[in-house]
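J.: Pasting in a structure now, in structure tokens, and then I'll have a few things to ask.
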Amino acid sequence: PKKQGLYSLNETETKVMEEFINENLREKYIRPSVSPIASIFFVSKKEKGALRPLQDYRDLNSGTVKNRYPLPLVWKLLDKLQGDTIFSKLDLRNGYNNIRIKDGDPWKAAFRTEGLFEPMVMFFGLANS
């Protein structure tokens with residue numbers, strides 16, 4: 001990513017940012033970084049007014065070779081389930097935080113706030129995640 005300035009955050013957004021950083025450091029989803037590149041951190045409003053912390057990975061994604069493979073047809077997947085009685089489910093809310101970034105690659109997804117951090121797990125917005 002090219003060098004960009006920080007987004008200006010108001011008091012409420014700053015609190016959301018601090019909570020995001022502290023929680024993710026505690027869970028070991030992020031760590032301090034010395035990456036030479038970084039995407040920008042900002043806060044966006046959800047439909048119902050809650051604030052969502054985000055990283056602007058558009059520049060990084062524009063230089064990423066995208067995975068290209070066909071999605072399976074729904075009817076073929078349903079045919080495979082015929083006769084089965086036990087099904088597992090996936091926690092989509094926190095599912096991405098279970099996918100680790102390949103060793104040696106976290107610096108590429110670094111993001112800047114008042115500090116510099118790199119994710120150890122896939123965050124929404126990264127290409128091929």
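Numbering-wise (UniProt numbering), the sequence shown opens with residue 1 and increments by one. Note that beta-carbon positions come from the ideal geometry of N, C-alpha and C, so glycine has one too. Nothing here was measured: the structure is a model prediction, and the numbers come from that model.
What are the partner residues of Arg112, as DSSP defines its beta bridges?
T.: Ile40 and Leu116
J.: Compute the distance between the beta-carbons of Tyr57 and Leu9, then report whether it is under 7 Å.
T.: Going by C-beta atoms, Tyr57 is not nearer than 7 Å to Leu9.
J.: Is it buried or exposed for Glu118, if we count other Cβ within 10 angstroms and need 16 for buried?
T.: buried
J.: Could you have a look at Val121 and say whether DSSP puts it in helix, strand or coil?
T.: strand
J.: For Ala110 and Lys45, I'd like the C-alpha separation in whole angstroms.
T.: 22 Å
J.: Figure out for me which residue from Pro72, Arg52 and Thr85 has the closest Cα to the Cα of Gly12.
T.: Correcting the residue identity first, residue 12 is Thr in this sequence and not Gly. It is Arg52 whose Cα lies nearest to the Cα of Thr12.
J.: Would you grab the beta carbon distance between Thr113 and Ile21 for me? Rounded to a whole angstrom, and I think it's under 8 Å.
T.: 6 Å
J.: Mapping DSSP to helix, strand and coil, what is Lys15?
T.: The DSSP-derived three-state label of Lys15 is helix.
J.: Put Pro70 into one of helix, strand or coil per three-state DSSP.
T.: coil
J.: Measuring straight from C-alpha to C-alpha, what distance separates Asp105 and Gln55?
T.: 17 Å
J.: Return the residue from the list Glu18, Glu27 and Ala50 that minimises the CA-CA distance to Phe41.
T.: Glu18
J.: Helix, strand or coil for Lys76 per DSSP?
T.: helix
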